[in-house]
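A.B. asks: So the sequence shown is numbered by the UniProt record's numbering: it starts at 1 and just counts up by one.
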Amino acid sequence: MYLPPGWPSEVLPPGSPDWETSAVAWLLDAVPPDYRAYGVLRRHPLALARMARQHVTATVEAARAGYRTAAVELKEHLPPHAIEAVLAAYRREGPRLVRLAASIELVEQALRGEPFVARMDDSGQRRSPR
1 MYLPPGWPSE
11 VLPPGSPDWE
21 TSAVAWLLDA
31 VPPDYRAYGV
41 LRRHPLALAR
51 MARQHVTATV
61 EAARAGYRTA
71 AVELKEHLPP
81 HAIEAVLAAY
91 RREGPRLVRL
101 AASIELVEQA
111 LRGEPFVARM
121 DDSGQRRSPR
């Protein structure tokens, strides 16, 4: 079975035994712990994937806004080396969150039953269907 780039290693391939269980466990790790209290999200993994996608997408936007404003907002409260460390944390966290959001979208697509189809690019190499 073809799995697209970005498919989370913690989630079993769609259609395999317990794949949805592995998807739920992984998705719950991507959202705040309080989401675990809602049984509906465990019973309906697609709902959980949707909420996870929305949460992580909002977190990406918040991190971008935080990066843009951190130096100005913190300059009177932190020394320059601390501000640079904060900005470095944003620079590391931002790409991780973007990759997480993309992986959540893939899992959500699979939960909707949409198959992944490998496509070839002009050079004959596999490429993502998106």
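Glycine included, every Cβ here is placed at the ideal spot set by N, Cα and C.
If we require 4 or more residues per run, which alpha helix (DSSP H) segments fall completely within the segment 8 to 86?
C.D. replies: Segments of the alpha helix (DSSP H) lying fully in the segment 8 to 86: 19 to 29, 39 to 43 and 45 to 74.
A.B. asks: Here's a check: name, in chain order, each residue in its chain whose Cβ is nearer than 8 Å to the Cβ of Gln-109, leaving out the five neighbours to either side.
C.D. replies: Excluding sequence neighbours, Gln-109 sits near Phe-116.
A.B. asks: Since Arg-91 sits in a beta bridge, which residues does DSSP pair it with?
C.D. replies: DSSP lists no partner for Arg-91.
A.B. asks: How would you call Ala-63, buried or exposed, if buried means at least 16 neighbouring beta carbons within 10 angstroms?
C.D. replies: Buried, since its Cβ has 16 or more Cβ neighbours within 10 Å.
A.B. asks: Beta carbon of Val-40, beta carbon of Val-98: below 7 Å?
C.D. replies: No, these two residues do not count as a Cβ contact at 7 Å.
A.B. asks: If you draw a straight line from the alpha carbon of Pro-4 to that of Arg-50, how long is it in whole angstroms?
C.D. replies: If I take the Cα positions, the gap works out to 19 Å.
A.B. asks: Under a three-way DSSP split, which group does Arg-112 fall into?
C.D. replies: Arg-112: coil per DSSP, three-state reduction.
A.B. asks: For Tyr-90, I'd like the list of residues in its chain whose CB is within less than 8 Å of its CB, leaving aside the five on either flank, ordered along the chain.
C.D. replies: Closer than 8 Å at the Cβ level, and outside the excluded window around Tyr-90, lie Ala-63, Gly-66, Tyr-67 and Ala-70.
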